[in-house]
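Which chain is which? The protein sequence lines are X and A, in order.
Once you know that position 170 of the first sequence is 445 in my numbering, the rest is easy, because the numbers rise by one and skip nothing.
Once you know that position 171 of the second sequence is 446 in my numbering, the rest is easy, because the numbers rise by one and skip nothing.
Even glycine gets a Cβ: it sits at the ideal position worked out from N, Cα and C.
There are 2 protein chains.
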Amino acid sequence: MPRQIDLKKKLDQLRAFHRSERRAPSYSEMAELFGYSSKAAVYAPVRKLIDLGYLKRSAGGRIAFTQKATGKIAILGTVQAGFQSPAEEELLDTISLDEFLVRRPESTFLLTVSGDSMIDAGIHPGDLVLVEKNGAPKNQDIIIAQVDGEWTMKYFFRDKSGVYLDPANPAYSRIRPRGSMVVGGIVRAVIRKYQ
Amino acid sequence: MPRQIDLKKKLDQLRAFHRSERRAPSYSEMAELFGYSSKAAVYAPVRKLIDLGYLKRSAGGRIAFTQKATGKIAILGTVQAGFQSPAEEELLDTISLDEFLVRRPESTFLLTVSGDSMIDAGIHPGDLVLVEKNGAPKNQDIIIAQVDGEWTMKYFFRDKSGVYLDPANPAYSRIRPRGSMVVGGIVRAVIRKYQ
DNA sequence: GTTGAAACTGAACGATCGTTCAGGTATTAA
DNA sequence: TTAATACCTGAACGATCGTTCAGTTTCAAC
Chain X
276 MPRQIDLKKK LDQLRAFHRS ERRAPSYSEM AELFGYSSKA AVYAPVRKLI
326 DLGYLKRSAG GRIAFTQKAT GKIAILGTVQ AGFQSPAEEE LLDTISLDEF
376 LVRRPESTFL LTVSGDSMID AGIHPGDLVL VEKNGAPKNQ DIIIAQVDGE
426 WTMKYFFRDK SGVYLDPANP AYSRIRPRGS MVVGGIVRAV IRKYQ
Chain A
276 MPRQIDLKKK LDQLRAFHRS ERRAPSYSEM AELFGYSSKA AVYAPVRKLI
326 DLGYLKRSAG GRIAFTQKAT GKIAILGTVQ AGFQSPAEEE LLDTISLDEF
376 LVRRPESTFL LTVSGDSMID AGIHPGDLVL VEKNGAPKNQ DIIIAQVDGE
426 WTMKYFFRDK SGVYLDPANP AYSRIRPRGS MVVGGIVRAV IRKYQ
């Protein structure tokens, strides 16, 4: 499949260009990038990359990258499947963690976890939690809440007698807010970065 | 500070444009976006946004976004500090999870965790691990390895009698690879996404 | 009210843009 | 060898690009 290898190389060149310039090249820049001496020559591969979803056409015919091309991470299977090293020449789909994890960028924040009250849920001190404000929590959601003036992270539950918060650590106990409770946001993801 | 508020609004408009078009607008497009009737008017705010690091100048004078502008997530403090709602009118720095977590995009992959052998390290079945290939593991790194034909995720250690792998679950036991061991990669981050 | 500075306009410039197309070159199958 | 086909070239087009600048408007400070 010589055609696929060719496209893969061009996509890699485009990705390299994007990494340094943070924009899509013009047709003439692509011609130089690909080694053509006429910019008309790049129309064919560009059309194919658009069909494959790596590029898109913007106003005035200008080319822009899709997240499929600018995402940073290739997706493989499971740990048990391991790395069967998917034939390096393939056009690997990539994903952007931002697009994958963040639905509403304007109301999403990153907090650092302090305390071990959610440790049985696999949330350790020092972990980062991705929190979405302005949502309505459902049962068993993990939320950031202010109870009696103090901010905590707990499981959220609602029953017939009202709202309560459960920790994920037997050393702590259930909280039934007496006064007011402010929901700061809902934990949508947990991120742990090593070193 | 009326100047800051103005820039914040323009930056938001630029971010909205980038979300839909996935590129930076031209000067005439910016004029329309900002409500100016002359594209010469956008030079001043653009220069300021470049100075602040949200935009950059690319070849031919064209404007491109930096990751400071296209990142998706605002950074706050810790859980205990909570949301003191940082004066909505501020120019919030944002971060891209991709840039934050991925150092070498070309050799980074995402795997789904199966099995509970690392559960005491807070890595649960269904979690995603961000794995970097081609690195040399250090003691206590979590690695993906193929031992006797089977892929597993374990802590990596090396002592005077060789290499061994430890689980983070007392139900499993230490592995000292008899035959060959292939290191698939080093776990650089763990990501858990809810719902 | 006057003044001064900043913000904005509108027109102009050469350069580059995206697009098209006729023609040339290379590659492949018969 | 020939024919067919895909690939590439080079030139041309109007449109839009980034940039500059003289002139106007706006607005706050005095």
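Y318 of chain X by DSSP, collapsed to three states: which one?
For the purposes of this step, residue 318 of chain X is taken as residue 43 along the first sequence, with counting starting at 1. Here Y318 of chain X sits in helix by DSSP.
Just by C-beta distance, which residues in the segment 330-341 of chain X are closer than 9 angstroms to chain A?
K331, S333, A334, G335, R337, I338, A339, F340, T341
Once DSSP output is grouped into helix, strand and coil, what is the label at L372 of chain A?
Along the second sequence, one-based indexing puts residue 372 of chain A at 97. Of the three classes helix, strand and coil, the one that applies to L372 of chain A here is helix, per DSSP.
S371 of chain X beta carbon less than 7 angstroms from that of Q342 of chain X:
Locating residue 342 of chain X in the first sequence gives position 67, counting from the first residue. Locating residue 371 of chain X in the first sequence gives position 96, counting from the first residue. It is a contact, given that the beta carbons lie within the stated cut-off.
Would a check of beta-carbon distances place S389 of chain A closer than 7 angstroms to chain X?
By 1-based counting over the second sequence, the position of residue 389 of chain A is 114. So yes, S389 of chain A belongs to the interface.
May I have the straight-line CA-CA distance separating H293 of chain X from I466 of chain A, to the nearest angstrom?
Reading the first sequence from its first residue, position 18 is the one you call residue 293 of chain X. Reading the second sequence from its first residue, position 191 is the one you call residue 466 of chain A. Approximately 26 angstroms between the Cα atoms of the pair.
Contiguous beta strand (DSSP E) assignments of at least 3 residues, all confined to the segment 380-410 of chain X:
DSSP runs (the beta strand (DSSP E)) wholly in the segment 380-410 of chain X: 383-387, 403-407.
Need the endpoints of the alpha helix (DSSP H) that Y302 of chain A sits in, please.
Numbered from 1 along the second sequence, position 27 holds the residue referred to as residue 302 of chain A. Y302 of chain A -> alpha helix (DSSP H) spans 302-309.
Any beta-carbon of chain A closer than 7 angstroms to the one on I472 of chain X?
Absent from the model: residue 472 of chain X. The displayed extent of chain X is 276 to 470, so no value can be given.
Which value, in whole angstroms, describes the spacing of the CA atoms of K435 of chain A and I450 of chain A?
Position 160 of the second sequence, counting from 1, holds the residue named residue 435 of chain A. Position 175 of the second sequence, counting from 1, holds the residue named residue 450 of chain A. Looking at the backbone, the Cα of K435 of chain A and that of I450 of chain A are separated by about 15 angstroms.
Within this structure, are the beta carbons of E407 of chain A and G454 of chain A separated by less than 7 angstroms?
Position 132 of the second sequence, counting from 1, holds the residue named residue 407 of chain A. Position 179 of the second sequence, counting from 1, holds the residue named residue 454 of chain A. No. Outside cutoff.
For R379 of chain X and S312 of chain A, the rounded distance between their alpha carbons
Position 37 of the second sequence, counted from the start, is the residue given in the question as residue 312 of chain A. Position 104 of the first sequence, counted from the start, is the residue given in the question as residue 379 of chain X. Taking the straight line from one Cα to the other gives about 32 angstroms.
Run through the DSSP bridge pairs and tell me what I417 of chain X is partnered with.
By 1-based counting over the first sequence, the position of residue 417 of chain X is 142. Partner(s): X:Y430.
On the DSSP bridge assignment, give the partners of K468 of chain A in chain order.
Against the second sequence, residue 468 of chain A aligns to sequence position 193. Partner(s): X:A464.
Just to confirm my understanding: we take I418 of chain X, look at its own chain, exclude 5 residues before and 5 after, and list those with CB closer than 6 angstroms. What are they?
Here residue 418 of chain X refers to the residue found at position 143 when the first sequence is read from its first residue. Cβ neighbours of I418 of chain X beyond the five flanking positions: P412, F431, V458, I461.
Does the separation of the CB atoms of V422 of chain A and P452 of chain A fall below 7 angstroms?
Against the second sequence, residue 422 of chain A aligns to sequence position 147. Against the second sequence, residue 452 of chain A aligns to sequence position 177. The answer is yes: Cβ separation under 7 angstroms.
Alpha carbon to alpha carbon, how far is S303 of chain A from A468 of chain A? Give it in angstroms, no decimals.
Position 193 of the second sequence, counting from 1, holds the residue named residue 468 of chain A. Position 28 of the second sequence, counting from 1, holds the residue named residue 303 of chain A. A quick correction: the sequence has Lys, not Ala, at residue 468 of chain A. Using only the alpha carbons, I get a separation of about 40 angstroms.
Proximity winner among A:A299, A:R297, A:E296, A:L324, relative to K284 of chain A (alpha-carbon distances):
Position 9 of the second sequence, counted from the first residue, corresponds to residue 284 of chain A. For K284 of chain A, the nearest C-alpha among the options comes from A:L324.
Comparing alpha-carbon positions, which option in A:E425, A:G390, A:N444, A:D287 lies nearest M456 of chain A?
The residue you call residue 456 of chain A lines up with position 181 of the second sequence. Its Cα nearest to that of M456 of chain A, the residue A:E425 stands out among A:E425, A:G390, A:N444, A:D287.
When you compare the CB of I418 of chain A with every CB in chain X, is at least one pair closer than 7 angstroms?
Taking the second sequence and counting its residues from 1, one reaches residue 418 of chain A at position 143. I418 of chain A does not count as touching chain X.
Beta bridge counterpart(s) of A339 of chain A as assigned by DSSP:
What you label residue 339 of chain A is simply residue 64 of the second sequence in a count that begins at 1. According to DSSP, which records beta bridges pairwise, A339 of chain A is partnered with A:K331.
Please report whether the beta-carbon of F384 of chain A lies at a distance below 7 angstroms from any beta-carbon of chain X.
Counting from one through the second sequence, the residue named residue 384 of chain A turns up at place 109. Yes, its Cβ sits closer than 7 angstroms to a Cβ of chain X.
Given a cut-off of 7 angstroms, decide if L351 of chain A and L386 of chain X are closer than it, judged by their beta-carbon atoms.
Here the question's residue 386 of chain X lines up with position 111 in the first sequence. Here the question's residue 351 of chain A lines up with position 76 in the second sequence. Contact flag set, yes.
Distance cut-off 6 angstroms: A319 of chain X Cβ against heavy atoms of the ligand PLP:
With respect to the ligand PLP, the structure shown offers nothing to examine, as it has no ligands at all.
Can you grab the Cα-Cα spacing for the pair Y232 of chain X / A306 of chain X, in whole Å?
Within the shown structure, residues of chain X are numbered from 276 to 470, placing residue 232 of chain X beyond reach of any answer.
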